[in-house]
Structures are given as structure tokens and as C-alpha cells.
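Asker: If you scroll down you'll find the structure; I have some questions about it.
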Amino acid sequence: MMKSHLKNYLIRTIQYKIIFNNQFMDNVTLVILFYIQIHYIISEICYCYQMIKIYYYTFYLNGFNLKSLINQ
Numbered sequence: 578m579m580k581s582h583l584k585n586y587l588i589r590t591i592q593y594k595i596i597f598n599n600q601f602m603d604n605v606t607l608v609i610l611f612y613i614q615i616h617y618i619i620s621e622i623c624y625c626y627q628m629i630k631i632y633y634y635t636f637y638l639n640g641f642n643l644k645s646l647i648n649q
């Protein structure tokens with residue numbers, strides 16, 4: 578999961594450098610930049626959601642199970 582997160586970031590930075598070094602800004606380039614940004618934001622949201630899910634399952638559910646075992 579972390580590898581794909583870093584890969585998306587690297588791809589985005591490389592594409593930005595290629596585009597801005599060429600100084601080629603027309604409508605197609607702006608659409609490409611917009612697509613890269615949206616793709617990056619979606620991958621960030623998915624990554625955060627998966628992290629929250631992992632923390633929820635490890636800490637909250639395990640703590641809840643431990644409390645129920647202690648109460649018995």
C-alpha cells in the first residue's frame with residue numbers, strides 16, 4: 578500500500594517537472610495537470626481511509642474485546 582502511495586507521488590512530481598520545464602501550457606496541458614491532481618487526491622483519500630480502517634480494527638476492536646474479556 579505504501580509503495581503505490583509513493584509511486585503516485587513520484588509520477589506526479591516527474592510529470593509536473595516535464596510539463597513546467599517545457600513551458601508548454603495550453604488547454605491539453607491544463608487538463609493533464611488537473612487529471613494528475615485529481616488522481617493524486619483520490620489516492621490520498623483512499624490511503625487515509627485504509628489507515629483509519631487499520632487503526633480502527635487494531636486499537637478500537639482489540640480494546641473492546643479486552644474490556645469484554647475483563648468484565649467476564
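Residues in the sequence shown are numbered consecutively from 578, following my numbering.
Built from N, CA and C at the ideal position, the CB exists for glycine as well.
If you're wondering where the values come from, they're calculated on a predicted model, not measured in any experiment.
Measure the beta-carbon distance from Q592 to I613 and round it to whole angstroms, keeping in mind my assumption that it falls under 8 Å.
Answerer: With 8 Å as the limit, Q592 and I613 qualify as a contact, their Cβ atoms being about 6 Å apart.
Asker: Measure the Cβ-Cβ separation of R589 and Y617 and say whether it is below 7 Å.
Answerer: Yes, these two residues count as a Cβ contact at 7 Å.
Asker: When the Cα of N585 is compared with those of V608, V605, S620 and K594, which residue comes out closest?
Answerer: Nearest of V608, V605, S620 and K594 to N585, Cα basis: S620.
Asker: To the nearest angstrom, how far is it from the Cα of V605 to the Cα of T635?
Answerer: Going by the C-alpha atoms only, they are around 45 Å apart.
Asker: What does the alpha-carbon distance come out to for the pair L610 and I629?
Answerer: Taking the straight line from one Cα to the other gives about 29 Å.
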